[in-house]
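Enquirer: Each number in the working numbering comes from the position in the sequence shown (counting from 1) with 4 added on.
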Amino acid sequence: MPLIGYARVSTEDQTPLPQSEALQTAGCVEIFEEHASGGNRARPVLARVLERVQSGDTLVVVRIDRLARSLSHLLEVIERLEAKGAFFRSLQDPIDTSSPQGKFTLQVLGAAAEFERALIRERTKAGLASARAKGRLGGNPGLRAKDPVAMRKVRLARQDGYMERLNETAQDWVPHVRRLRPVMAWEDVLRIINAPLPRDRRWTQSRLLRAVKAYVRDGFLPDEVLGRAGRRETDDRLPAIVAGIKGADPNITLQAICDRLESMRERTPRGRTSWQPSSVRMLLERAEKMGLLKSAQ
5 MPLIGYARVS
15 TEDQTPLPQS
25 EALQTAGCVE
35 IFEEHASGGN
45 RARPVLARVL
55 ERVQSGDTLV
65 VVRIDRLARS
75 LSHLLEVIER
85 LEAKGAFFRS
95 LQDPIDTSSP
105 QGKFTLQVLG
115 AAAEFERALI
125 RERTKAGLAS
135 ARAKGRLGGN
145 PGLRAKDPVA
155 MRKVRLARQD
165 GYMERLNETA
175 QDWVPHVRRL
185 RPVMAWEDVL
195 RIINAPLPRD
205 RRWTQSRLLR
215 AVKAYVRDGF
225 LPDEVLGRAG
235 RRETDDRLPA
245 IVAGIKGADP
255 NITLQAICDR
265 LESMRERTPR
275 GRTSWQPSSV
285 RMLLERAEKM
295 GLLKSAQ
């Protein structure tokens, strides 16, 4: 199984060389280095690594904290790898999701994370109940009085919080939207975005549109992505979808595209549910003749 290494240091003054040497010794065929804070989930190099990883690959780090600084982020990354049929290994920690022991450790970590969330919920409920018993009301006094200044501050804070949450998932959807819109209809763009994601992280069309509008408003995406999609002949739809998948990962294999189409529940040109590489190759050739691959890249 190909091993892909990821090394991270927090500042430009630090060097990832010791990590890279350890990863090379472990047999990594590719090593990606990044200078970024571990608390920042929207790291461009990490996003590129997760897009690069294919089925059967193993993402390797020297220590868990080089990949994630929170248990929730670690589990999120591992879920993304599992959705692509890939694995995760930490050289200095007992986690290797390709082995039964590593999977068990991961299950223990997941249970610990859920237990921690339950404790926080219980403590919050107990604190609110105690405050009510003492006659204290929760919430912002300014909001209760409908003070315009307080209401504006809360509105801006909510907007900032929303944008921060979007930034954490931007690598999942922004490249697809930038590349495929408005050439492709929103329904098909949504299916391409959701195909590699675990079920609990998939988008609805309304949520996606809201996120895109927010990014357009702040200048992160061009206005054109919100334009009306042109009408496309039925026979052109499958080549466009295959071109979109290929454009997201130029190195993706024909079999991986087959797996992606089956996870999207797309039927073959003959109406079958099982895809073959020869059918994908034919659609890619059609897409190239139609100029779709060039526009998708």
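Don't be surprised by glycine CBs; every beta carbon is placed ideally from N, CA and C.
Computed from a prediction, not measured in an experiment: that's the story for all the values here.
Does the structure place the segment 264–278 close enough to the segment 202–220 that three or more beta carbon pairs sit under 8 Å?
Expert: Not touching, per the Cβ criterion.
Enquirer: According to DSSP, simplified to helix, strand and coil, what is S94?
Expert: The count along the sequence shown starts at 1 and reaches residue 94 at position 90. In this structure, S94 counts as strand in the three-state DSSP scheme.
Enquirer: Out of K88, P48, R285 and L50, state which residue places its alpha-carbon closest to the alpha-carbon of D61.
Expert: Position 57 of the sequence shown, counted from the start, is the residue given in the question as residue 61. The residue with the shortest Cα to Cα distance from D61 is K88.
Enquirer: Does E38 come out as helix, strand or coil in the three-state DSSP assignment?
Expert: Taking the first residue of the sequence shown as position 1, residue 38 is located at position 34. Strand, per DSSP.
Enquirer: For P48, which of F36, D204 and V284 has the nearest alpha-carbon?
Expert: On the sequence shown, position 44 is the one that residue 48 refers to. Ranking F36, D204 and V284 by Cα distance to P48 puts F36 first.
Enquirer: With DSSP collapsed to three states, give me the class of I256.
Expert: Translated into the one-based positions of the sequence shown, residue 256 becomes position 252. If DSSP states are grouped into helix, strand and coil, I256 belongs with coil.
Enquirer: Taking a contact to mean a Cβ-Cβ separation below 7 Å, would you say G43 touches R73 in this structure?
Expert: Stepping through the sequence shown from its first residue, residue 43 is reached at position 39. Stepping through the sequence shown from its first residue, residue 73 is reached at position 69. In this structure, R73 lies closer than 7 Å to G43 by Cβ.
Enquirer: Along the alpha helix (DSSP H) that carries L54, what are the first and last residues, could you check?
Expert: Indexing the sequence shown from 1 puts residue 54 at position 50. Here the alpha helix (DSSP H) through L54 covers P48 to R56.
Enquirer: Buried or exposed: L21, going by 16 or more other Cβ atoms within 10 Å of its Cβ?
Expert: Taking the first residue of the sequence shown as 1, we reach residue 21 at position 17. L21 comes out exposed.
Enquirer: If we count the other Cβ atoms within 10 Å of its Cβ and call it buried at 16 or more, is S283 buried or exposed?
Expert: In the sequence shown, counting from the first residue as 1, residue 283 sits at position 279. S283 is buried by the Cβ-count criterion.
Enquirer: Would you mind giving the Cβ-Cβ distance between A90 and V65, rounded to the nearest angstrom? I have them listed as a contact below 8 Å.
Expert: As a working note, residue 90 is residue 86 in the sequence shown. As a working note, residue 65 is residue 61 in the sequence shown. That belief does not hold up - the Cβ atoms of A90 and V65 are roughly 13 Å apart, past 8 Å.
Enquirer: Whose C-beta lies closer than 8 Å to the C-beta of R303 among residues of the same chain, with five residues either side of it excluded?
Expert: Only positions 5 to 301 of the chain appear in this structure, which leaves residue 303 out of reach.
Enquirer: Please report the distance separating the alpha-carbon of L288 from that of I249.
Expert: Numbered from its first residue, the sequence shown carries residue 288 at position 284. Numbered from its first residue, the sequence shown carries residue 249 at position 245. Taking the straight line joining both Cα atoms gives about 10 Å.
Enquirer: Look up T208 in the DSSP assignment and say whether it is helix, strand or coil.
Expert: Here residue 208 corresponds to residue number 204 of the sequence shown, with the count starting at 1. Coil.
Enquirer: If I measure Cβ to Cβ from D253 and keep anything under 7 Å in the same chain, skipping five residues before and after, which residues do I get?
Expert: For the purposes of this step, residue 253 is taken as residue 249 along the sequence shown, with counting starting at 1. These residues qualify, in order along the chain: E55.
Enquirer: Per the DSSP calculation, T62 is bridged to which residue(s)?
Expert: Taking the first residue of the sequence shown as position 1, residue 62 is located at position 58. DSSP output for T62 lists L7 and F91 as bridge partner(s).
Enquirer: Ignore the nearest five residues each way along the sequence and tell me which others in L7's own chain have a CB closer than 7 Å to its CB.
Expert: For the purposes of this step, residue 7 is taken as the residue at position 3 of the sequence shown. The answer, listed in chain order, is A30, G31, C32, V33, T62 and V64.
Enquirer: To the nearest angstrom, how far is it from the Cα of P179 to the Cα of W279?
Expert: Within the sequence shown, residue 179 is the residue found at index 175, counting from 1. Within the sequence shown, residue 279 is the residue found at index 275, counting from 1. For P179 and W279, the distance between alpha carbons rounds to 26 Å.
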